[in-house]
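Residue numbers (the numbering used here): 1 to 272. Beta carbons are placed, not taken as given, at the ideal position from N, Cα and C, and that holds for glycine.
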Amino acid sequence: MPELPEVETTIRGLKPIIGSIIINIKINTPKLRFIIPKKMSLLTKVEILEIKRRGKFIIFLLSNNHAIILHLGMSGRLRLFEANKFEQKKHDHFILRTNQDHLLVFNDARRFGFVDYGKTTNMFEKKYILRLGLDALGINLNGKYLLSRISNTAVPIKQILLDQKIIAGIGNIYASEILFNAQISPLVGGRELSLNECKKIIISTKIILKKAIKHGGSTLRDYVSVDGTVGNFQSNFQVYGQEGKKIFGKTIKKIVQYGRSTYYCPDLQKIK
DNA sequence: ATGATGTCCTGGGCGC
DNA sequence: TGCGCCCAGGACATCA
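Below you can see the structure in the form of structure tokens.
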């Protein structure tokens, strides 16, 4: 579910617990995508120093030189509650209580998400972090970088945008929206793209993702921000989920690439 | 290496 | 109202 804008919206909503002390952590479900390290449930009297994002990963830096890394997967969400207003729900897998009586709750119906914990130095050496490409909103991400990463591959650009090893943060919804914005066909192979087209894609990436963040992300089924409010960028989708509708008089089409839906407008996004 | 497919899960929506 | 089927925002493994 959650792509970069939803993860970013989540992190911004977590500001109230920065500087708080963790009192305890309750693990209701020992295994999500991976087994949750047991020693995390022993965590106590540790300050949350910082909450960062890397691609779609959420990183909590703690005062004991340890870090929690969390991925929301497809259906995961983090919610923040006042302790006295909280009612546990189905799929609340992980509950962190702070000294301010905030509860941070990780709910994930499909359990494709995960929570990991360990020494900060070790956490940044995890392969799921090391292999990430440049962040989609990173200052270093530019057309030249994209070109250098894709100039040898026939993989279609839609699939390339989903590859976290190349650009970290884009998911299936925003990939379609970005390519529509850049007026580039999702079917074009990486090696067919010029530097100028790569530049266009990166510019569109930043435009779309930033705009989505401004709108609090997109809510289709699962996603809500930490206070439970829904994002509304979905009302700005130009092509995603819009099969058969017209844009500038041209029809939007849905195709399947690598088992994932792609929406685009063949008349406006030509394969050169 | 590549690309197509399967897998981990639950739940919502739709057709019947 | 119920049932079965298909689909879903992620990421990875496996197979030919």
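Check: With contact counted as at least three CB pairs below 8 Å, one residue from each stretch, are the region 238 to 258 and the region 142 to 153 in contact?; Outcome: no
Check: Using only the alpha-carbon positions, how far apart do Gln234 and Phe248 sit?; Outcome: 19 Å
Check: Out of curiosity, what's the CA-to-CA distance linking Ser41 and Ile25?; Outcome: 5 Å
Check: Hey, which unbroken runs of the beta strand (DSSP E) at 3 residues or more fall wholly within the region 17 to 101?; Outcome: 21 to 27, 46 to 54, 57 to 62, 66 to 71, 76 to 82, 92 to 98
Check: With the cut-off set at 8 Å, would you say Leu32 and Gly113 are in Cβ contact?; Outcome: yes
Check: Name the residue from Phe94, Thr29, Leu62 whose alpha carbon lies nearest to the alpha carbon of Ile21.; Outcome: Leu62
Check: By a C-beta neighbour count over all protein chains shown, 10 Å radius and 16 as the cutoff for buried, is Arg77 buried or exposed?; Outcome: buried
Check: Could you check the C-alpha separation between Phe124 and Lys52 for me, to the nearest Å?; Outcome: 12 Å
Check: In terms of residues, what are the limits of the alpha helix (DSSP H) holding Arg149?; Outcome: 143 to 150
Check: State the DSSP-derived secondary structure class of Ile167, mapped to helix, strand or coil.; Outcome: strand
Check: Quick one: using the 10 Å Cβ neighbour count with 16 as the cut-off for buried, is Glu87 buried or exposed?; Outcome: exposed
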